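Numbering (the numbering used here), first residue to last: 167 to 505. Glycine is no exception: its CB is placed at the ideal position from the N, C-alpha and C atoms. Nothing here was measured: the structure is a model prediction, and the numbers come from that model. Here's the structure we're looking at; comments come further down.
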């Protein structure tokens, strides 16, 4: 009887396994796991107990912005300067930088971020030196702008965050952002090693789930670049096969690439070969076939600060705009300027 009992149990277990296997054939196939960044350490985001003032960054004079400022805007595609209230300008920025039908909390996170970046550019005078205006509508100079895309969604996001900016220890932050960070944010050293003169402790390799909604072309991509072009970008005159990724940063992005006594920052290398070709410096594979290099990578953009597709994901999960931006800019606070 004991052997018969054991046999019955065994047959029951086998039956369960068969049923489980059959069900797995009826279900939709599991999604393929996202590619992992090679040689990337598991990021530990350092959150200091006390946020210290950043050397070289002045405390923001909030009294200067008690009232909403009227700003001058360089309309890049038409070549003239316009004047408008800052919040009105911001509507056109948010409508262009994000899709105007996105969740309100994602658009509101973009509004806080873009408002901060706008004031940072005004305080630094970068566009004033270029065009004798406070801001520019050229994306490569500051932010994109499309007032014709403004709708009620965008207006509500801007209105709800009116006057809100991000500060770190009382100083206005350089609120750079990107489309898709490859599910891990970049540090300043990886994307702007020389362009930003002050420390940016708020840029940390935080992780998100932006691949949940980001288009496939922004999640992972492959590009072939002739060896001669790669060598020229590095400034190396030897055999291209010697070119290697020499060092990666905390998020796994290229810090240095080169060969022999020649090396360049990964961010400079991307700029030289083309931003739309090498969509990011978060490279997972780099192979040479004797003629061309094949690069495989993840994400699109510099990867610093707010990830727009990550913000979309957080908003879909029910997070508020203020929490979203504080996630991407570690240690910052949302400061209300004008009413």
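Are there 16 or more other CB atoms within 10 angstroms of the CB of residue 269, so buried, or fewer, so exposed?
buried
Local conformation of residue 453 per DSSP, three classes:
strand
Under the DSSP definition of a beta bridge, which residues are partnered with residue 250?
237
Just to confirm my understanding: we take residue 236, look at its own chain, exclude 5 residues before and 5 after, and list those with CB closer than 8 angstroms. What are they?
249, 250, 251, 252
Are residue 238 and residue 286 touching if we call contact CB-CB under 9 angstroms?
no
Sequence-distant residues of the same chain with beta carbon closer than 7 angstroms to residue 340, five excluded per side
286, 362, 366
Between the CA atoms of residue 458 and residue 392 - distance to the nearest angstrom:
4 angstroms
If you draw a straight line from the alpha carbon of residue 483 to that of residue 401, how long is it in whole angstroms?
46 angstroms
From residue 473 to residue 462, what does the alpha carbon distance come to, in whole angstroms?
20 angstroms
Using a Cβ-Cβ cutoff of less than 6 angstroms, which residues in the same chain neighbour residue 313 once the five nearest sequence positions on both sides are dropped?
258
Quick one: what does DSSP say residue 366 is sitting in, helix, strand or coil?
coil
Which of the three DSSP states, helix, strand or coil, is assigned to residue 438?
helix
Hey, how far is the Cα of residue 499 from the Cα of residue 487?
12 angstroms
Option nearest residue 319 by Cα separation, candidates 245, 335, 267
267
Neighbourhood of residue 301 by C-beta, 8 angstroms cutoff - its chain only, sequence neighbours within 5 removed:
237, 238, 239, 240, 255, 284, 287, 288, 293, 308, 309
Would you be able to state if there are at least three C-beta pairs under 8 angstroms between the region 323-338 and the region 216-225?
yes
Work out the CA separation of residue 290 and residue 304 for me, nearest whole Å.
17 angstroms
What's the call for residue 521, buried or exposed, on a 16-neighbour Cβ count within 10 Å?
Summary: the structure shown does not reach residue 521, with the chain confined to residues 167 through 505, and so no result is reported for it.
Which value, in whole angstroms, describes the spacing of the CA atoms of residue 377 and residue 383?
10 angstroms
According to DSSP, is residue 171 helix, strand or coil?
Interpretation of residue 171 is limited by its pLDDT of 38, a score under 50 that renders its predicted location unreliable; no figure is taken from the coordinates.
Any idea which residues DSSP pairs residue 337 with across the strands?
225, 334
DSSP puts residue 386 in a beta bridge; with which residues?
464
Could you tell me the boundaries of the beta strand (DSSP E) in which residue 166 lies?
Because the chain is modelled from 167 through 505, residue 166 falls outside the range shown and cannot be assessed.
Top-ranked residue by Cα proximity to residue 272, from 426, 479, 358:
479
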